[in-house]
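Scroll down for the structure; my scribbles are underneath it.
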Amino acid sequence: MRLLLVMAALSLLAAQDLSPVVYPVELHSGDSFPRGDHGFVFLTRGPGEKHPFTAYRPDGSLAYRAELPDVVDAAFDVDGSAAVLLHSASEASVALLSPAGLVGQRLPLAGFVPSRIAFGGDHTLWVLGSPGAILRHYSRQGALLKDYLERPPISDSADRAGPAFLGVSRDRVGIYDPAAREWTELDFNGKVTGHWTLPFPEEELHNLPEPPPAPRFQGFGFTEDGRLFARVFGAGINVQQFDKEAGQWRRVGPYGGYLIGVNGSALMVAVSTVPLRVVTLQPGR
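For what it's worth, the numbering used here labels the leading residue of the sequence shown as 16, then goes sequentially.
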């Protein structure tokens with residue numbers, strides 16, 4: 016896959032004259048792939064891992080390494096502040112970090128098991144968890160503003176659908192349920208504004224073994240203008256946009272590009288892994 020990423024990087028840079036940002040990421044055995052949010056790149060280690068939570072600035076420089084065990088998920092605000100979701104065997108909480116990586120506050124999360132976290136444009140926090148698909152909205156001071164949703168469980172899936180996902184656009188919240196392969200959008204009052212069962216992209220099915228060796232959807236990106244993107248496993252990894260009116264996917268960017276997150280209305284796409292090089296794409300409508 017590394018060769019595919021390098022070839023994709025060369026063709027992408029030649030075609031669009033984009034300058035990649037290089038991140039000196041140190042990967043350890045068992046690490047998940049680096050992720051991005053608002054230009055920041057970070058590594059989450061997962062429950063029981065002893066490596067620190069590591070964050071990099073949009074220019075590629077190291078921001079900090081924070082000793083935070085049992086990291087489940089993380090989100091970054093535009094100023095570099097972070098919200099890190101922690102879940103040990105005994106409790107769940109959110110650690111609020113300054114741009115320097117200092118923990119300023121811990122918000123306890125009681126009564127449910129959180130799995131995903133995201134910042135809204137107003138700097139408030141959204142948390143998705145279980146039992147049931149519980150969506151909760153918190154102020155930056157930790158006050159529970161509202162419970163929005165509860166229905167059959169959403170959890171990470173071991174099948175070809177990939178992990179659960181939570182994203183916040185300018186005016187909506189988006190949730191991906193891997194068990195049902197459903198994408199649901201709600202306004203900030205909790206009203207469902209859109210609901211789709213996501214098809215698998217058919218473009219590369221003839222190139223895939225049966226069954227595929229990995230989930231087809233490797234991750235998602237929900238931009239501030241409400242567009243849904245996914246990194247899709249097929250003949251390599253590629254980025255695709257979901258056409259909500261047609262109910263179909265279309266590829267954007269290069270074959271081999273690996274979507275790691277969004278930055279406003281743009282995509283953060285890794286075009287090589289060692290070292291990690293990330294370009295910012297502004298996909299057309």
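Note that CB positions come from ideal geometry on N, CA and C, so glycine has one too.
**Message:** Tell me the rounded alpha-carbon separation between Pro230 and Gly271.
**Reply:** Within the sequence shown, residue 230 is the residue found at index 215, counting from 1. Within the sequence shown, residue 271 is the residue found at index 256, counting from 1. Distance from the CA atom of Pro230 to the CA atom of Gly271, rounded to whole angstroms, is 16 Å.
**Prompt:** For Asp162, does the count of other Cβ atoms within 10 angstroms reach 16, so buried, or fall short, so exposed?
**Reply:** In the sequence shown, counting from the first residue as 1, residue 162 sits at position 147. Result: exposed.
**Anticipated Cβ contact below 8 Å, Ser287 with Glu239, distance rounded** = Along the sequence shown, one-based indexing puts residue 287 at 272. Along the sequence shown, one-based indexing puts residue 239 at 224. At roughly 27 Å, the Cβ-Cβ gap does not stay under 8 Å, so Ser287 and Glu239 are not in contact.
**Item:** Whole-Å CB distance - Val118 paired with Gly144, under 8 Å assumed
**Value:** Translated into the one-based positions of the sequence shown, residue 118 becomes position 103. Translated into the one-based positions of the sequence shown, residue 144 becomes position 129. Contact doesn't hold; Cβ gap of about 21 Å is too wide.
**Request:** Note down, in chain order, each residue of its chain lying with its Cβ closer than 6 Å to the Cβ of Pro290, except the 5 sequence neighbours on either side.
**Result:** Here the question's residue 290 lines up with position 275 in the sequence shown. Within the same chain, Cβ atoms closer than 6 Å to the Cβ of Pro290 are found at Val37, the five residues on either side in sequence being excluded.
**Asked** To which residues does DSSP link Leu101 through a beta bridge?
**Response** Translated into positions along the sequence shown, residue 101 becomes position 86. BP columns for Leu101 point to Val86, Ser108.
**Request:** Find out if the Cβ-Cβ distance for the pair Leu101, Asp88 is shorter than 7 Å.
**Result:** Against the sequence shown, residue 101 aligns to sequence position 86. Against the sequence shown, residue 88 aligns to sequence position 73. No, Cβ-Cβ distance for Leu101 and Asp88 is not below 7 Å.
**Request:** Have a look at Glu82 and Ala90 and give me their C-alpha separation to the nearest angstrom.
**Result:** Here residue 82 refers to the residue found at position 67 when the sequence shown is read from its first residue. Here residue 90 refers to the residue found at position 75 when the sequence shown is read from its first residue. If I take the Cα positions, the gap works out to 17 Å.
**Request:** Could you say which of Asp186, Arg155, Pro216, Ile275 lies nearest to Val207 if we only look at CA atoms?
**Result:** For this step, residue 207 is matched to residue 192 along the sequence shown. The shortest C-alpha separation from Val207 is found at Asp186.
**Message:** Quick check on Ser103: buried or exposed, where buried means 16 or more other Cβ atoms within 10 Å of its Cβ?
**Reply:** By one-based count along the sequence shown, residue 103 stands at place 88. Per the 10 Å Cβ criterion, exposed.
**Asked** Exposed or buried, what is Ala30 when buried is set at 16 or more other beta-carbons lying within 10 Å of its beta-carbon?
**Response** For the purposes of this step, residue 30 is identified with residue 15 of the sequence shown, where counting begins at 1. Confidence in Ala30 is poor, its pLDDT being 38 and thus under 50, which makes the residue's placement unreliable; the coordinate value appears in the next sentence. By the neighbour-count rule (16 or more Cβ atoms within 10 Å), Ala30 is not buried but exposed.
**Prompt:** In whole angstroms, what separates the C-alpha of Phe248 from that of Gln233?
**Reply:** Here the question's residue 248 lines up with position 233 in the sequence shown. Here the question's residue 233 lines up with position 218 in the sequence shown. Going from the Cα of Phe248 to the Cα of Gln233 covers about 7 Å.
**Asked** What is the DSSP secondary structure of His152, counted as helix, strand or coil?
**Response** Translated into positions along the sequence shown, residue 152 becomes position 137. Looking at His152 - three-state DSSP - the assignment turns out to be strand.
**Request:** For Pro123, write down the residues that DSSP places opposite it in a beta bridge.
**Result:** Indexing the sequence shown from 1 puts residue 123 at position 108. Answer is Ser108, bridged to Pro123.
**Request:** Measuring only between beta-carbons, confirm whether Leu143 sits less than 7 Å from chain B.
**Result:** Among the chains of the structure shown, chain B does not appear; only one protein chain is present.
**Prompt:** In the structure shown, what three-state DSSP assignment does Asp52 receive?
**Reply:** Mapped onto the sequence shown, residue 52 falls at position 37. In the structure shown, Asp52 sits in a strand (DSSP, three-state: E or B).
**Asked** From Gly126 to Ile149, what does the alpha carbon distance come to, in whole angstroms?
**Response** What you label residue 126 is simply residue 111 of the sequence shown in a count that begins at 1. What you label residue 149 is simply residue 134 of the sequence shown in a count that begins at 1. Between Gly126 and Ile149, the C-alpha separation is close to 10 Å.
**Contact set for Gly262: own chain, Cβ-Cβ below 8 Å, skip 5 residues either direction** = Taking the sequence shown and counting its residues from 1, the one referred to as residue 262 is at position 247. Trp211, Pro214, listed in sequence order.
**Asked** Would DSSP call Ala67 helix, strand or coil?
**Response** To locate residue 67, count along the sequence shown from 1; it is residue 52. Per the sequence presented here, residue 67 reads as Pro, with Ala not at that position. Pro67 falls in the coil class under three-state DSSP.
**Helix, strand or coil at Val40 according to DSSP, with G and I counted as helix** = Taking the sequence shown and counting its residues from 1, the one referred to as residue 40 is at position 25. Note: Val40 maps to coil in three-state DSSP.
**Message:** For Asn278 and Pro168, I'd like the C-alpha separation in whole angstroms.
**Reply:** Your numbering for residue 278 matches position 263 in the sequence shown. Your numbering for residue 168 matches position 153 in the sequence shown. If I take the Cα positions, the gap works out to 29 Å.
**Message:** Buried or exposed, going by whether 16 or more other CB atoms sit within 10 Å of the CB of Pro154?
**Reply:** Position 139 of the sequence shown holds residue 154. Per the sequence presented here, residue 154 reads as Ser, with Pro not at that position. It counts as exposed.
**Prompt:** In the structure shown, what three-state DSSP assignment does Leu117 receive?
**Reply:** Sequence index remark: in the sequence shown, residue 117 carries index 102 (1-based). If DSSP states are grouped into helix, strand and coil, Leu117 belongs with coil.
**Asked** Are the beta-carbon atoms of Ala98 and Leu140 separated by less than 7 Å?
**Response** As a working note, residue 98 is residue 83 in the sequence shown. As a working note, residue 140 is residue 125 in the sequence shown. Yes; because the gap between Cβ atoms is below 7 Å, this pair is in contact.
**Asked** Between the C-alpha atoms of Leu122 and Ala107, what's the straight-line distance to the nearest angstrom?
**Response** In the sequence shown, the residue the question calls residue 122 occupies position 107. In the sequence shown, the residue the question calls residue 107 occupies position 92. One C-alpha to the other measures close to 9 Å.
**Asked** How should Gln256 be labelled, buried or exposed, when 16 other C-beta atoms within 10 angstroms of its C-beta is the threshold for buried?
**Response** Translated into positions along the sequence shown, residue 256 becomes position 241. A buried status is given to Gln256, since no fewer than 16 other beta-carbon atoms sit within 10 Å of its beta-carbon.
**Item:** Exposed unless 16 or more other CB atoms sit within 10 angstroms - verdict on Ala115
**Value:** Translated into positions along the sequence shown, residue 115 becomes position 100. Counting Cβ neighbours within 10 Å, Ala115 comes out exposed, since fewer than 16 surround it.
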